[in-house]
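Okay, structure first, notes after.
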Amino acid sequence: MNLYEHTIIARQDTSPSELKQLTEKYSKIVEKNEGEVVKTENWGLLNLSYLIKKNKKGSYIHFKIKGKGRVVEELEKNEAIDKKLLRYLTVKVKEFDLNTNYFAKKEDSEKLEKKEKKTN
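If you count by this note's numbering, then the sequence shown holds residues 1 to 120, one letter each, in order.
Structure, rendered in structure tokens:
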């Protein structure tokens, strides 16, 4: 099984309930193709480096996926025709970093670090 990190960027006007539906939709596609979603992260609404289809911001959703190449092909085929998405990117990795949350708020990450220090 291959390991993939897959990120999608939804339009800035997408509601939280629609984001949840997108997450569920693409998770089901992974499972139908004998893959497994190890972790899903909602990175929130972030600024884009440049305008994409007249959008300055986008809602980022990140998946960590175990599966064969067919899983990625099927995901990208469906995402290419989805009008709610601006972009998507899949990267094959050797191992997942399940501990670090790069887009957590600063206070949240400091609390996590304190908890980890106490347990060690």
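From the three backbone atoms N, C-alpha and C, an ideal C-beta is built for every residue, glycine too.
- Glu31 and Gly44 have their C-alpha atoms spaced approximately 24 Å apart.
- In this structure, the straight-line span from the alpha carbon of Pro16 to that of Asn2 is close to 30 Å.
- The straight-line gap separating the alpha-carbon atoms of Ala80 and Leu48 is approximately 19 Å.
- In terms of Cβ geometry, Thr100 and Glu5 do not form a close pair [threshold 9 Å].
- Only residues of its own chain outside the window of five on either side were considered, and among them Val37, Thr40, Phe63 have a CB closer than 8 Å to the CB of Ser27, listed in chain order.
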